[in-house]
Amino acid sequence: MGKIRFGPAGIPIQCHGSSLDGIQCAYGLGLSALEVQYGHGINMGLDLAKQCGKLAKKLDVKLSAHGQYAISLISEKKETAEASANRVLEAARRVNAMDGERVVFHSGYYGKLGKEESYPLMKKAFEKILAQAEKEKLKVIIGPETTGAYTEWGSLEELCKLSQEFGINRVMPTLDWAHLHCREGKPVIKGKDDYKRIFDYLEKHLGKKAVENFHSHATGVFFTEKGEKHHLPISSNSPPLRPLIELLAENGYSGTIISESPNIEADALLMKKWFEAASK
Numbered sequence: 065m066g067k068i069r070f071g072p073a074g075i076p077i078q079c080h081g082s083s084l085d086g087i088q089c090a091y092g093l094g095l096s097a098l099e100v101q102y103g104h105g106i107n108m109g110l111d112l113a114k115q116c117g118k119l120a121k122k123l124d125v126k127l128s129a130h131g132q133y134a135i136s137l138i139s140e141k142k143e144t145a146e147a148s149a150n151r152v153l154e155a156a157r158r159v160n161a162m163d164g165e166r167v168v169f170h171s172g173y174y175g176k177l178g179k180e181e182s183y184p185l186m187k188k189a190f191e192k193i194l195a196q197a198e199k200e201k202l203k204v205i206i207g208p209e210t211t212g213a214y215t216e217w218g219s220l221e222e223l224c225k226l227s228q229e230f231g232i233n234r235v236m237p238t239l240d241w242a243h244l245h246c247r248e249g250k251p252v253i254k255g256k257d258d259y260k261r262i263f264d265y266l267e268k269h270l271g272k273k274a275v276e277n278f279h280s281h282a283t284g285v286f287f288t289e290k291g292e293k294h295h296l297p298i299s300s301n302s303p304p305l306r307p308l309i310e311l312l313a314e315n316g317y318s319g320t321i322i323s324e325s326p327n328i329e330a331d332a333l334l335m336k337k338w339f340e341a342a343s344k
């Protein structure tokens, strides 16, 4: 049976203090992962990142980080694209310092470009990020996220193609289940078969290791025909997440599920409870 880690996106709501306190609190709740949140800016220095890494290693809490929201790697404005790449690298430096596994982010928008036109530009942007990361010896997976609207670059197919180009040890998709559900403006995930289809696609194109160490986000989502609007508790059943948890228990996949719902730690614990029940 595979191992699934569950954790919150950021410091648990019931906790107070710094990221160090959040790691300790998540561990105390029985959670084994935490995704540090840099969405609105990076205020964490490298020294604090190292302290977080030492504590997380001691407690066996797996760390990742969500980069800033203001990222648009293929913006037609050169300065915006360059600043976006730097934001990814700033987050990656901290993940490296905390001995975390990956930095997660939204890659940007298509803008005036078609999907075919956008891909080589995005590939070039990732080449530059990876070259700088290697120059600095950053041991971090770059984890672009599946996005929640058709105007945003980041379909599962695009991300898998990018991973094939660079290898999953360098670039690996982050599976946002809510985004996969609503990206096209209509509900896509209805049950276990739909999740199985996603894992099958991942394994077919990226190999078995991709489903033995997947990284994902889970939340409910309210959306319109244009895609995601805002997050909901997982009790919203949009998408239904219990079938995902049952599939994980049945198929032996291994990975991490970060709760991004409004009830971050409560829903992480609920999914953990489901997984334990399904694993008996």
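So for the sequence shown, the working numbering puts the first residue at 65; every next one is plus one. Note that CB positions come from ideal geometry on N, CA and C, so glycine has one too. No experiment lies behind these values; they were computed from the predicted model shown.
For Glu216, the pairing in a beta bridge is given by DSSP as Tyr173. Separation of the CB atoms of His170 and Ile135 is rounded to 6 Å, and the pair is thereby assigned contact status at 8 Å. In this chain, the alpha helix (DSSP H) harbouring Gln196 covers Lys179 to Lys199. Relative to Lys199, the option among Leu112, Lys118, Ala341 and Arg157 whose CA is nearest is Arg157. Taken atom to atom, the span from the alpha-carbon of Val235 to that of Ser299 is near 32 Å.
Counting only the Cα atoms, Asp258 lies some 17 Å from Gly316. DSSP places Ala97 in the uninterrupted beta strand (DSSP E) bounded by Ala97 to Gln101. Closest in alpha carbon position to Lys179, among Thr144, Gln228, Trp217 and Lys203, is Trp217.
Looking from the CA of Thr210, the closest CA among Ile309, Ser82, Ser227 and Ile87 belongs to Ser227. In the three-state reduction of the DSSP assignment, Val275 falls in the helix class, which pools H, G and I. Counting other Cβ atoms within 10 Å of its Cβ, Ala197 reaches 16 or more and is therefore classed as buried.
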